[in-house]
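Visitor: For the sequence shown, this note's numbering begins at 6 and goes up steadily by one.
All C-beta atoms, glycine included, are put in the ideal place defined by N, C-alpha and C.
One structure, as structure tokens, below. Some questions next.
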Amino acid sequence: MAANILKRTFLLVLSCVFVFIFNASTADKSIAVRNAYLSRNQDVTRWVPFQVFPAEMEKKNRKMDFSEKIPENTGALQEFNAPPDKDGKPVPGPEKKEGIPILYYHSVTDNIFGIEELSVAPAEFEKQMNYLKKNNYTVITFNELKNADSMEKPIIITFDDGYEDNFTYAYPILKKFGFKATIFLCVSVIDKSQFLKSGQILQMKDLINIQSHTMTHDYLSKLTEEKIDTELGESKKILEDLTGKEVDVLAYPYGDYDSRVIKIAKKYYKYAVVSGGGFYHRGDSAYEIKRIYVPRSLDLDGFKNKLQQ
Ligand SMILES: [Zn+2]
Numbered sequence: 006m007a008a009n010i011l012k013r014t015f016l017l018v019l020s021c022v023f024v025f026i027f028n029a030s031t032a033d034k035s036i037a038v039r040n041a042y043l044s045r046n047q048d049v050t051r052w053v054p055f056q057v058f059p060a061e062m063e064k065k066n067r068k069m070d071f072s073e074k075i076p077e078n079t080g081a082l083q084e085f086n087a088p089p090d091k092d093g094k095p096v097p098g099p100e101k102k103e104g105i106p107i108l109y110y111h112s113v114t115d116n117i118f119g120i121e122e123l124s125v126a127p128a129e130f131e132k133q134m135n136y137l138k139k140n141n142y143t144v145i146t147f148n149e150l151k152n153a154d155s156m157e158k159p160i161i162i163t164f165d166d167g168y169e170d171n172f173t174y175a176y177p178i179l180k181k182f183g184f185k186a187t188i189f190l191c192v193s194v195i196d197k198s199q200f201l202k203s204g205q206i207l208q209m210k211d212l213i214n215i216q217s218h219t220m221t222h223d224y225l226s227k228l229t230e231e232k233i234d235t236e237l238g239e240s241k242k243i244l245e246d247l248t249g250k251e252v253d254v255l256a257y258p259y260g261d262y263d264s265r266v267i268k269i270a271k272k273y274y275k276y277a278v279v280s281g282g283g284f285y286h287r288g289d290s291a292y293e294i295k296r297i298y299v300p301r302s303l304d305l306d307g308f309k310n311k312l313q314q
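Have a look at this one:
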């Protein structure tokens, strides 16, 4: 009996050590690949990392992120409102299908740095998650979108950039409710001050799906096709090396893209998301998926309103 317990304990310790070593080596490999990339591409530090800039520069940089295009919540219902015929009666349109809300957050903290609106208070975030739970939403990830028709009130939770507070504050709350979420990581800020560390990313594997927010958070429409290819292709490869999972969703930095960007996105990704716009509807372009922005100033009533179609 005692020998059996001892044997089991030994096996458990051995498997923990193995998992630790495996995770550490995966992270190391990814860091090496990323550092090699960064040394080849010196200009990536134009946007990041924040800690290399003095405080004023941090604010300025942070402002750039805040200027991400956040289109008004339009078009969600109009899409299904058929134009009237000659008699003024509505022409039968396609069958109305409910849209899927894809929530769009940045940081979750009360330790405000830079622009306040980008940091949702942890207490508010918890209220929002509680609302989703109480109202029977099914929290899914992008690879479950294809089966969303069979689910009750599907919803996706996303975070952009990869702030460290996603681990410190958001993840424990998500864990409490058993909710999955997607973090769109900008590769060049991983392990930098105020951003997620490789170890934290691996620790959140059970619920957090890592996807790409490019290498350097540049305006993609302003780059050459060669550079767009690097931003999209290299970031996918590095993040896949880090997490050991497929990276097939892209979030355009600043919601900025054009037809060239979409053409290259199709080469590496199944889906790409923009920076706002409202509900995602089945049949929308897979490379212009709209999201619902959640700023700090949004109270619970506002949150509920945003989820009404
Ligand atoms: Zn961003």
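Pairing CB atoms from the segment 115-125 with CB atoms from the segment 141-148, are three or more of them under 8 Å?
Guide: Flag = no, the segment 115-125 and the segment 141-148 do not touch.
Visitor: The beta strand (DSSP E) with residue 203 in it runs from where to where?
Guide: No beta strand (DSSP E) holds residue 203; the alpha helix (DSSP H) holding it covers 203-208.
Visitor: DSSP on residue 186, reduced to helix/strand/coil?
Guide: Looking at residue 186 - three-state DSSP - the assignment turns out to be strand.
Visitor: Round the Cβ separation of residue 275 and residue 254 to the nearest angstrom and send it over; I've been treating them as touching at under 8 Å.
Guide: With 8 Å as the limit, residue 275 and residue 254 qualify as a contact, their Cβ atoms being about 7 Å apart.
Visitor: Using CA coordinates, which residue listed in 164, 261, 197 is at the minimum distance from residue 299?
Guide: Out of 164, 261, 197, 164 has the C-alpha closest to the C-alpha of residue 299.
Visitor: Answer yes if the segment 258-267 comes into contact with the segment 276-289, meaning at least three C-beta pairs across the two stretches below 8 Å, and no otherwise.
Guide: In short, these stretches touch, since the Cβ pair count reaches three.
Visitor: Just list the residues that DSSP pairs residue 214 with in beta bridges.
Guide: Residue 214 is bridged to 187.
Visitor: So for residue 307, helix, strand or coil by DSSP?
Guide: Three-state DSSP puts residue 307 in a helix.
Visitor: For the beta strand (DSSP E) containing residue 163, list its first residue and its last residue.
Guide: It spans 159-166 - the beta strand (DSSP E) in which residue 163 sits, taken as one unbroken run.
Visitor: Drop a sphere of 10 angstroms on the beta-carbon of residue 241, count the other beta-carbons inside from all chains shown, and report buried for 16 or more, exposed for fewer.
Guide: By the neighbour-count rule (16 or more Cβ atoms within 10 Å), residue 241 is buried.
Visitor: What are the start and end residues of each continuous beta strand (DSSP E) run of 3 or more residues lying completely inside the segment 239-294, in chain order?
Guide: Within the segment 239-294, the complete beta strand (DSSP E) runs of at least 3 residues are 254-256, 276-282.
Visitor: If I'm right that residue 174 touches residue 114 with Cβ under 8 Å, what's the distance once you round it to whole angstroms?
Guide: About 6 Å; that satisfies the 8 Å criterion.
Visitor: For a test of the three-state rule: what should DSSP assign to residue 155, helix, strand or coil?
Guide: Three-state DSSP puts residue 155 in a helix.
Visitor: Just checking residue 300 against ligand 1 - is the residue's beta carbon closer than 7 Å to any of the ligand's heavy atoms?
Guide: Not under cutoff, so the answer is no.
Visitor: Could you give the first and the last residue of the continuous alpha helix (DSSP H) run that contains residue 108?
Guide: Unbroken run through residue 108 is the beta strand (DSSP E), 107-110; no alpha helix (DSSP H).
Visitor: Report all residues from its chain with a CB closer than 6 Å to the CB of residue 229; omit the five preceding and five following residues, and keep chain order.
Guide: There are no such residues.
Visitor: Terminal residues of the continuous beta strand (DSSP E) containing residue 144?
Guide: Unbroken beta strand (DSSP E) run through residue 144: 143-145.
Visitor: Is the Cβ-Cβ distance between residue 305 and residue 106 less than 8 Å?
Guide: Their beta carbons are not under 8 Å apart, which means residue 305 does not touch residue 106 by this criterion.
Visitor: For residue 302, which residues does DSSP report across the bridge?
Guide: DSSP lists no partner for residue 302.
Visitor: Can you tell which of 303, 150, 199 has its C-alpha closest to the C-alpha of residue 117?
Guide: When only C-alpha atoms are compared, the closest one is 199.
Visitor: Quick one: Cα of residue 103 to Cα of residue 294, how far?
Guide: Each residue's alpha carbon lies about 15 Å from the other.
Visitor: How about residue 188 and residue 213: do their beta carbons lie closer than 8 Å?
Guide: Yes, the pair counts as a contact, with Cβ atoms nearer than the cut-off.
Visitor: Are the CB atoms of residue 233 and residue 192 within a distance shorter than 8 Å?
Guide: For residue 192 and residue 233, no; Cβs fall outside 8 Å.
Visitor: Could you spell out the range, first to last residue, of the alpha helix (DSSP H) harbouring residue 172?
Guide: Counting along the chain, residue 172 falls outside any alpha helix (DSSP H), and DSSP gives it neither H nor E.
Visitor: Would you say the beta carbon of residue 159 comes nearer than 7 Å to a heavy atom of ligand 3?
Guide: Of the ligands this structure carries, namely ligand 1, none is ligand 3.
Visitor: Tell me whether residue 186 is buried or exposed, calling it buried when 16 or more other Cβ atoms sit within 10 Å of its Cβ.
Guide: Its Cβ being crowded by 16 or more others within 10 Å, residue 186 is buried.
Visitor: Hey, would you say residue 268 sits closer than 8 Å to residue 136, going by beta carbons?
Guide: Not a contact, by the Cβ cut-off of 8 Å.
Visitor: On the CB-based measure, 16 or more other CB atoms within 10 Å of its CB, does residue 204 come out buried or exposed?
Guide: Result: exposed.
Visitor: Are the beta-carbon atoms of residue 296 and residue 168 separated by less than 8 Å?
Guide: No. Outside cutoff.
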